[in-house]
Amino acid sequence: MQKPKFILWFEKLGLKDLQRVGGKNASLGEMYRNLSSEGVKIPNGFAITASAYFHLLNSANLNTA
């Protein structure tokens, strides 16, 4: 089984990643990729994945559901 990724860079993100990183981060990834290719200078960034969030909850015994 592949280890889940906890951080994804905007340059790799798109709307296909909506479930992994949420709507705002997926949109930021789309904007980064589309505007950078048109010459607009945008600093790269990253998104914390839902897998990272759930891993934190489980490892700290904070999952009460």
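With the numbering used here applied, the sequence shown covers 133 to 197. Glycine is no exception: its CB is placed at the ideal position from the N, C-alpha and C atoms.
Distance, Cα to Cα, residue i vs residue j?
i, j, result
"tryptophan 141", "glycine 154", "14 Å"
"valine 172", "leucine 189", "38 Å"
"glutamine 151", "asparagine 193", "23 Å"
"leucine 145", "asparagine 157", "8 Å"
"phenylalanine 178", "serine 191", "22 Å"
I'd like the list of long-range same chain contacts for residue i, defined as Cβ closer than 8 Å, with 5 residues on each side in sequence excluded.
i, result
"glutamate 143", "Gly161, Tyr164, Arg165, Ser168 and Asn176"
"serine 159", "Leu147"
With the cut-off set at 8 Å, would you say residue i and residue j are in Cβ contact?
i, j, result
"isoleucine 213", "isoleucine 180", "This structure cannot settle anything about residue 213, because the visible part of the chain is limited to 133 through 197."
Taking 7 Å as the limit between beta carbons, can you name the residues of its chain near residue i, skipping five residues before and five after?
i, result
"asparagine 195", "Leu189"
For a cutoff of 8 Å on Cβ pairs, would you count residue i as touching chain C?
i, result
"glutamate 143", "Among the protein chains of the structure shown there is no chain C, as only one such chain exists."
On the three-pair Cβ rule with 8 Å, is the stretch 183-196 touching the stretch 156-170? No: fewer than three Cβ pairs fall under 8 Å.
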